[in-house]
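Engineer: Below is one structure. I have some questions about it.
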Amino acid sequence: MDINKISQVFEDFQIPEEPTFVSDHADFLMNYVIPNSVHLSAPKYIGHMTSALPYFMMPLAKVLIALNQNVVKIETSKVFTPLERQTIAMLHNLIYANSEAFYRNHTHEADGALGLFCSGGTVANLTGLWLARDRILGRKTKQTVDKVGLWRSMQAHGYSDLVVLVSDKGHYSIKKAMHVLGLGSESVSVVPTDKNHHIRLDILEDRIKELRKQNVGIMACIGIAGTTESGSCDDLLAMAELCEKYEQDGDPIHMHVDGAWGGPTIFSNKHKQKLAGIERARTVVIDAHKQLYTPMGAGILLCKDPKDVKAIQHSAQYIIRKGSHDLGKFSLEGSRPGMSMLLHSALNIMGKQGYEFLIDTGIERAQHFAQMIKEHKAFELITEPELNILTYRYVPKKLRGKTEQLDNQDSVNRLQVSLQKKQRSMGVSFVSRTKFYVDKYKQDLNVLRVVLANPLTTEKDLEEILDEQATYGDQLSK
Ligand SMILES: Cc1ncc(COP(=O)(O)O)c(C=O)c1O
């Protein structure tokens, strides 16, 4: 059923007066909800970052719901507090690899946290930037932002403005966070990228110097480990060096890494070099519901220094009392599910080797798919896969071999949209689309986008997807 038709089934806005049998309602779910949801775990669904789950997640999710723990405080979750703290410590260790003594001291300490469990990457980015804002507006005077608000605290700290620096490939959650934090989306100082979608370091350095001269506070400098559109990774090492170079007395530059997608690349001995320098970031985001293969609703903010979370600490008398181990002291959310149990289980069941296999397989498959596209006369590869995401486009028959000369791309652009919609409507396979500036053509182009995170996607699936797209493309461009 198409979305307009299925929406009609959900038009009634009154709660039924009379109870309904559970079996009757189950029939409703079987008839209208299950068949009209998206088959995200299908091997040929390769368009978005939501993919298949390991088989053991379903029974574990049932256990989680049966226990229905609330990890805001120990009184409503008990073992879930040390379990969550251990899960975060495992990921912290993966990124920062501190000493055994460091983890013995900090994993379960009441007065700090190695990171915070959130509902996803958006809230994890927001929490990281909240923490960065409250650190920068909490150092020089007692007029801290949590007490006197943004306006008075900025004045007291002598800032004319406050910004974050991020490339033009930054996820839109950064703008959303700046909106929520009272700074507005114009406080995102957008730095251009090079032809491979990496932040331009020369422009970043000039921008930092300029902001310093204007007395604008640099709340955070954000590196991206796996951009949403093409999976590219900024040069995090060079960014960390810039942040340290322009650190002024009492005015550090908080480096934040958005590794919501690409963070788990660190599991791969072959590819972790792409994230070199991540360990120098003050905060790092990793989404568990992306490449750590847990169900939706799990993102993590890691904090290099466990004391940083004190900048956003809150307590109350009846709950999360001062000195308690309650996780709710530092989290944006209050009541919260024990999602960490699912990640804790996955990390134990699959281990480092299991995750390494998943990461390596995805990247190898993307490299192979890129080669298939290059060899196929009907397609043009637009971005090489740095991780497991790539972009390409269909080239109409009459333009093949001539794409270099194309100066007006309008009809080719429109064709990508109709091809992608046609493929989606047929329901056999799914590839997404996006639009960005392509250096080779000096203009914005519509491109097809593939995310290869499902280990069950085979080479044959990929061949069939290209054949299907070529058929639609040929029909639509006749
Ligand atoms: C790089 C990046 N950061 C942040 C997010 C936001 O994550 P979530 O959708 O879990 O809120 C995404 C989501 O696609 C992303 O790709």
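In our numbering, each residue carries its 1-based index in the sequence shown increased by 6. No residue lacks a Cβ here, since even glycine has one placed at the ideal position from N, Cα and C.
Determine the burial state of TYR178: buried for a count of at least 16 other Cβ atoms within 10 Å of its Cβ, exposed for fewer.
Structural biologist: Counted from its first residue, the sequence shown places residue 178 at position 172. TYR178 comes out exposed.
Engineer: Does the beta-carbon distance from LEU333 to GLU90 come in below 8 Å?
Structural biologist: As a working mapping, residue 333 is identified with position 327 in the sequence shown. As a working mapping, residue 90 is identified with position 84 in the sequence shown. Taking 8 Å as the Cβ cut-off, LEU333 and GLU90 qualify as a contacting pair.
Engineer: If you run the structure through DSSP and keep just helix, strand and coil, what is LEU364?
Structural biologist: As a first step, residue 364 is located in the sequence shown; it is residue number 358 there, counting from the start. Reduced to three states, the DSSP call for LEU364 is helix.
Engineer: Check whether the Cβ of ALA266 sits closer than 7 Å to any heavy atom of ligand 1, and report yes or no.
Structural biologist: The count along the sequence shown starts at 1 and reaches residue 266 at position 260. True, at least one ligand heavy atom lies under 7 Å from that Cβ.
Engineer: Return helix, strand or coil for PHE385, following the three-state DSSP convention.
Structural biologist: One-based indexing of the sequence shown puts residue 385 at position 379. PHE385 sits in a strand when the DSSP states are folded into three classes.
Engineer: By Cβ distance below 8 Å, which residues in the same chain neighbour PRO437 in space, the five residues on each side in sequence not counted?
Structural biologist: Against the sequence shown, residue 437 aligns to sequence position 431. As written in the sequence, residue 437 is Val, which differs from the Pro given in the question. These residues qualify, in order along the chain: ILE52, GLY53, GLN426, GLN429, LEU454, ARG455, VAL456, ILE471, GLN475.
Engineer: So, helix, strand or coil for LYS175, using DSSP?
Structural biologist: The sequence position of residue 175 within the sequence shown is 169, counting from 1. LYS175 falls in the coil class under three-state DSSP.
Engineer: I'd like to check one pair, VAL315 with GLY134: are the Cβ atoms closer than 8 Å?
Structural biologist: As a working note, residue 134 is residue 128 in the sequence shown. As a working note, residue 315 is residue 309 in the sequence shown. No, they are not a contact pair.
Engineer: Under DSSP, the beta strand (DSSP E) around VAL263 begins and ends at which residues?
Structural biologist: The residue labelled residue 263 in the question sits at position 257 within the sequence shown. From DSSP, the beta strand (DSSP E) with VAL263 extends over 261–264.
Engineer: CB-CB under 6 Å to ARG139, same chain, minus the five flanking residues each way: which ones, in chain order?
Structural biologist: In the sequence shown, the residue the question calls residue 139 occupies position 133. Result list for ARG139: LEU187, MET225, in chain order.
Engineer: Got a sec, what are the start and stop residues for the beta strand (DSSP E) CYS309 sits in?
Structural biologist: Here residue 309 refers to the residue found at position 303 when the sequence shown is read from its first residue. Start and end: 305–309.
Engineer: At the level of alpha carbons, what is the spacing between ILE205 and ILE228?
Structural biologist: Within the sequence shown, residue 205 is the residue found at index 199, counting from 1. Within the sequence shown, residue 228 is the residue found at index 222, counting from 1. ILE205 and ILE228: Cα-Cα distance of roughly 10 Å.
Engineer: So what does DSSP say about SER274, is it helix, strand or coil?
Structural biologist: Taking the first residue of the sequence shown as position 1, residue 274 is located at position 268. Three-state DSSP puts SER274 in coil, outside helix and strand.
Engineer: In this structure, does DSSP put LEU348 in helix, strand or coil?
Structural biologist: Position 342 of the sequence shown holds residue 348. It is helical.
Engineer: So, does the region 301–318 touch the region 244–253, judging by three or more C-beta pairs under 8 Å?
Structural biologist: no
Engineer: Determine the direct distance from the alpha carbon of MET302 to that of ALA58, and round the result to whole angstroms.
Structural biologist: Translated into the one-based positions of the sequence shown, residue 58 becomes position 52. Translated into the one-based positions of the sequence shown, residue 302 becomes position 296. Straight-line Cα distance between these residues: approximately 11 Å.
Engineer: Buried or exposed for MET64, please, with buried defined as at least 16 other CB atoms from any protein chain shown within 10 angstroms of its CB.
Structural biologist: For the purposes of this step, residue 64 is taken as residue 58 along the sequence shown, with counting starting at 1. MET64 should be labelled exposed.
Engineer: Between TRP485 and SER83, what straight-line distance do the alpha-carbon atoms span, to the nearest angstrom?
Structural biologist: Shown here, the chain extends from 7 to 484; a query on residue 485 therefore has no answer.
Engineer: Using a threshold of 8 Å, state whether the C-beta atoms of CYS249 and LYS280 are closer than that.
Structural biologist: Against the sequence shown, residue 249 aligns to sequence position 243. Against the sequence shown, residue 280 aligns to sequence position 274. No. Outside cutoff.
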